[in-house]
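Here's the structure, in structure tokens; my notes come after.
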Amino acid sequence: EDQVTQSPEALRLQEGESSSLNCSYTVSGLRGLFWYRQDPGKGPEFLFTLYSAGEEKEKERLKATLTKKESFLHITAPKPEDSATYLCAVPNHSGGYQKVTFGTGTKLQVIP
Amino acid sequence: DGGITQSPKYLFRKEGQNVTLSCEQNLNHDAMYWYRQDPGQGLRLIYYSQIVNDFQKGDIAEGYSVSREKKESFPLTVTSAQKNPTAFYLCASRVNRGTGSLVDEQFFGPGTRLTVL
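From first to last, the protein sequence lines stand for chains Y and H.
Going by our numbering, the first residue of the first sequence is number 1, and it counts up by one from there.
Going by our numbering, the first residue of the second sequence is number 113, and it counts up by one from there.
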């Protein structure tokens with residue numbers, strides 16, 4: 001069964017203090033990995049899909065990387081508006097059906 | 113604008129009532145999903161549908177039912193059999209252009225918060 005684990009559960013950064021969030025997974029044949037940002041009381045906002053190990057994608061201050069066992073979301077010089085919960089998820093195509101397994105998220109707080 | 117709409121935003125249910133949550137998408141996606149989110153827990157899959165008139169149970173389907181009569185619509189009914197329905201419900205649609213495809217993206221609606229009175 002696919003499993004997705006995110007760490008840390010919560011992260012508090014000063015504005016401008018760069019850091020990374022981790023998403024580790026166990027899947028039977030990686031087919032991709034999703035990253036999302038979720039603000040309180042709202043639906044998750046799609047950020048990236050990473051399709052294979054070695055791939056990187058960037059969006060503003062965010063950079064996502066993927067290895068065969070984990071993904072990192074690097075946040076460079078964060079601003080208070082980057083405060084949110086960041087979710088990762090892994091698609092599962094077993095049995096011909098397309099399920100997606102989510103981690104529990106990392107709650108990021110950026111302090112001015 | 114293309115996207116996913118969910119209604120209502122807030123819903124209150126009395127004990128013993130069935131309620132239906134609406135989800136509509138105009139992204140022309142084949143696959144649609146319903147998730148439940150509780151504080152401190154990840155998103156848990158209730159039901160999903162890969163095509164019209166077909167749907168599959170997810171990990172926590174008991175007490176829920178769905179239909180998929182149109183590509184654009186995937187309503188979720190929370191029945192009285194669901195013992196703890198208070199939660200934030202999220203609908204999603206997904207584009208995945210086949211095995212080996214380089215386009216696989218899942219988008220979410222704004223959510224419906226259901227509270228049992």
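C-beta: ideal position from N, C-alpha, C; glycine also.
Note that the structure is a prediction, hence the values are computed from the model and not measured.
Member of the options whose CA lies at the smallest distance from the CA of residue i
{"i": "residue 124 of chain Y", "options": "H:225, H:209, H:193, H:154", "result": "No statement about residue 124 of chain Y is possible, as the shown extent of chain Y runs from 1 to 112 and does not include it."}
{"i": "residue 27 of chain Y", "options": "Y:16, Y:99, Y:45, Y:37", "result": "Y:99"}
{"i": "residue 125 of chain H", "options": "H:138, H:195, H:160", "result": "H:195"}
{"i": "residue 222 of chain H", "options": "Y:39, Y:80, Y:23", "result": "Y:39"}
{"i": "residue 206 of chain H", "options": "H:171, H:190, H:142", "result": "H:142"}
{"i": "residue 14 of chain Y", "options": "Y:79, Y:91, Y:86", "result": "Y:79"}
{"i": "residue 25 of chain Y", "options": "Y:57, Y:110, Y:104, Y:109", "result": "Y:104"}
{"i": "residue 193 of chain H", "options": "H:228, H:180, H:166", "result": "H:228"}
{"i": "residue 6 of chain Y", "options": "H:157, H:226, H:152", "result": "H:152"}
{"i": "residue 81 of chain Y", "options": "Y:109, Y:71, Y:58", "result": "Y:109"}
{"i": "residue 225 of chain H", "options": "H:218, H:214, H:209, H:203", "result": "H:203"}
Paired residues, beta bridge with residue i - DSSP
{"i": "residue 192 of chain H", "result": "None, per the DSSP bridge assignment."}
{"i": "residue 48 of chain Y", "result": "Y:35"}
{"i": "residue 10 of chain Y", "result": "Y:107"}
Anticipated Cβ contact below 8 angstroms, residue i with residue j, distance rounded
{"i": "residue 220 of chain H", "j": "residue 44 of chain Y", "result": "5 angstroms"}
{"i": "residue 21 of chain Y", "j": "residue 72 of chain Y", "result": "7 angstroms"}
{"i": "residue 184 of chain H", "j": "residue 127 of chain H", "result": "Actually they are not in contact, since the Cβ atoms of residue 184 of chain H and residue 127 of chain H sit about 32 angstroms apart, beyond 8 angstroms."}
Extent of the continuous beta strand (DSSP E) run through residue i
{"i": "residue 57 of chain Y", "result": "56-59"}
{"i": "residue 111 of chain Y", "result": "106-111"}
is_contact[residue i, chain H] using C-beta, thresh 9 angstroms
{"i": "residue 27 of chain Y", "result": "no"}
{"i": "residue 58 of chain Y", "result": "no"}
{"i": "residue 99 of chain Y", "result": "yes"}
is_contact[residue i, chain Y] using C-beta, thresh 9 angstroms
{"i": "residue 63 of chain H", "result": "Any answer about residue 63 of chain H is impossible in this case: the structure gives chain H only from 113 up to 229."}
{"i": "residue 147 of chain H", "result": "yes"}
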